[in-house]
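Report on the following structure.
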Amino acid sequence: MSATAPTRPVLPPDIKARKGGVPLVVLTAYTTPMARLVDAHCDIALVGDSVGMVLHGMPSTIGVTLEMMILHGRAVVRGLSKAMAVIDMPFGSYEEGPAQAYRNAARLMAETGAPAVKLEGGQHMAETIAFLTARGVPVMAHVGLTPQSVNTLGGYKVVGREDEAAKVLADARACEAAGAFSIVLEKVPVGLAARITAELTIPTIGIGAGVDCDGQVLVIDDMLGMFTAFRPKFVKRYAELGQAADQAIAAYADEVRSRAFPGPEHGFADQVKS
Numbered sequence: 011m012s013a014t015a016p017t018r019p020v021l022p023p024d025i026k027a028r029k030g031g032v033p034l035v036v037l038t039a040y041t042t043p044m045a046r047l048v049d050a051h052c053d054i055a056l057v058g059d060s061v062g063m064v065l066h067g068m069p070s071t072i073g074v075t076l077e078m079m080i081l082h083g084r085a086v087v088r089g090l091s092k093a094m095a096v097i098d099m100p101f102g103s104y105e106e107g108p109a110q111a112y113r114n115a116a117r118l119m120a121e122t123g124a125p126a127v128k129l130e131g132g133q134h135m136a137e138t139i140a141f142l143t144a145r146g147v148p149v150m151a152h153v154g155l156t157p158q159s160v161n162t163l164g165g166y167k168v169v170g171r172e173d174e175a176a177k178v179l180a181d182a183r184a185c186e187a188a189g190a191f192s193i194v195l196e197k198v199p200v201g202l203a204a205r206i207t208a209e210l211t212i213p214t215i216g217i218g219a220g221v222d223c224d225g226q227v228l229v230i231d232d233m234l235g236m237f238t239a240f241r242p243k244f245v246k247r248y249a250e251l252g253q254a255a256d257q258a259i260a261a262y263a264d265e266v267r268s269r270a271f272p273g274p275e276h277g278f279a280d281q282v283k284s
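Take 11 as the starting number for the sequence shown in the numbering used here and just add one per residue.
Dropping the structure here:
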């Protein structure tokens, strides 16, 4: 008899090796049930700090804490057998310097079991990325629109048009040189994203950055129609689960009020038939 080999989970070198190949499929996940669904179809499950807005009702990602990321990171890792978990480092957990970033990244990895972290920033974060990667912390970089800097940027706008293009390209190059194994390009003009993808030797993962990137990522609640507070232009809705849930809850409420639910089939008899 031959034993079936266990499925080997995806790791950062596997992602790096996918450069220029079949596009990488990435979705966010924040809970174990959603992680199990993502695991069946995706290469990476990103535990994004978007959890603050999507599940906790925050106005931005700024208020997300390290403890929140650990809690949701643990839940996601429990639900994965194939896809790789990457956990966002939240605002304030890495910007102070490389030593602070290493302490918090090491804690994220140790307490969740995730094999990689993601942090925002380009040239000014290169030293930190290099410090982390030299010490065994794989880093996914993130340039273009960086939501944790929304107050400085002046909103969730496209980054990289005209005079900004050179800086975004330099940011991407700096992250690659520092040792990042992949890089997210968010709300970067499609032509610039294509140029960055062509020049870098690490995979680019686009969100609102066009089809030429080496992969794509979306917030899962956006693409399933579960988060309806707003809808970014780059989001395609593959389902309207929020609408379906609203209809189901309304039907339940109507049946409870009319005493149509629970019916006889949902109850238990006072005596067991002999």
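Heads up, the beta-carbon is just placed ideally off N, CA and C, and yes, glycines get one too.
A residue is called buried when at least 16 other Cβ atoms come within 10 angstroms of its Cβ; I259 does not meet this threshold and is exposed. About 5 Å separates the Cβ atoms of G235 and G252, confirming a contact at the 8 Å cut-off.
Inter-residue distance for A175 and R183 is about 12 Å (C-alpha atoms, whole angstroms). Remark: C-beta atoms of S159 and E137 do not approach each other more closely than 9 Å.
Residues T211, I212, P213 and D224 of the same chain have their beta carbon placed closer than 7 Å to that of K29, with the five preceding and five following residues left out of the count. Between L34 and L228, the CB-CB gap reaches or exceeds 9 Å.
By the CB criterion at 9 Å, M119 and A111 fall outside the cutoff. The secondary-structure analysis by DSSP pairs T38 across a beta bridge with L56. Per DSSP, the unbroken alpha helix (DSSP H) holding A111 starts and ends at P108 to T122.
Judged by their CB atoms, V96 and V48 are not nearer to each other than the 9 Å cut-off. The C-beta distance from A204 to D222 rounds to 4 Å, short enough to meet the 8 Å contact threshold.
Spatial neighbours of V245 in its own chain (CB-CB distance under 8 Å, excluding positions within 5 residues in sequence) are listed in chain order as L228, V229, D232 and M233.
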